[in-house]
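Notes for the one structure printed next.
Residue numbers (the UniProt record's numbering): 1 to 123.
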């Protein structure tokens with residue numbers, strides 16, 4: 001079983017795309033990234049970034065931040081799903097009300113007919 005490669009932190013100051021020896025391409029925008037040491041030591045990565053301090057394997061602060069952010073993403077996903085369900089319900093209510101309005105305007109509910117059919121032969 002192969003041992004895990006050491007992870008290191010880099011700070012990208014100039015966005016770039018890195019093509020690895022297996023022809024996979026990794027895109028890096030400005031910001032901080034956690035990458036394998038082989039990626040961080042690549043000459044092209046070094047030309048566009050700076051090494052962060054220490055190894056990520058030694059730092060639990062970053063893992064705690066990652067866990068916190070993933071929890072926030074899960075909470076936001078739940079909120080989005082709830083809002084979508086509420087929107088669907090409101091759209092269904094709107095469709096129902098539009099149907100009722102259309103029926104009322106076309107005289108399909110019978111209320112308009114009752115007022116107009118009053119007998120006119122009584123003095």
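In this text, a Cβ means the ideal position worked out from N, Cα and C, and glycines have one as well.
Predicted, not measured: the structure shown is a model, and the values here were computed from it.
Query raised in the report: Taking DSSP as the reference, what is the three-state secondary structure of residue 42?
Result: coil
Query - Spatial neighbours of residue 48 in its chain, beta-carbon cut-off 8 Å, leaving aside the 5 residues before and after - result: 12, 13, 14, 15, 16 and 28
Query raised in the report: Helix, strand or coil: how does DSSP classify residue 76 here?
Result: helix
Requested in this report: Would you list the one or two residues that DSSP bridges to residue 32?
Outcome: Paired residues: 11.
Query raised in the report: Going along the chain, which residues of its own chain have a beta-carbon closer than 6 Å to the beta-carbon of residue 26, five neighbours each way excluded?
Result: 18
Query raised in the report: Comparing alpha-carbon positions, which option in 10, 103 and 107 lies nearest residue 40?
Result: The alpha carbon of residue 40 has as its nearest neighbour, out of 10, 103 and 107, the alpha carbon of 10.
Query raised in the report: In three-state DSSP terms, what is residue 21?
Result: Annotated three-state conformation of residue 21 is coil, per DSSP.
Query raised in the report: Can you name, in chain order, every residue of its own chain whose Cβ lies under 7 Å from the Cβ of residue 75, other than the five neighbours on each side?
Result: none
Requested in this report: Rank 73, 5 and 38 by C-alpha distance to the C-alpha of residue 20 and give the top, closest one.
Outcome: With distances taken between CA atoms, residue 20 lies nearest to 38 out of 73, 5 and 38.
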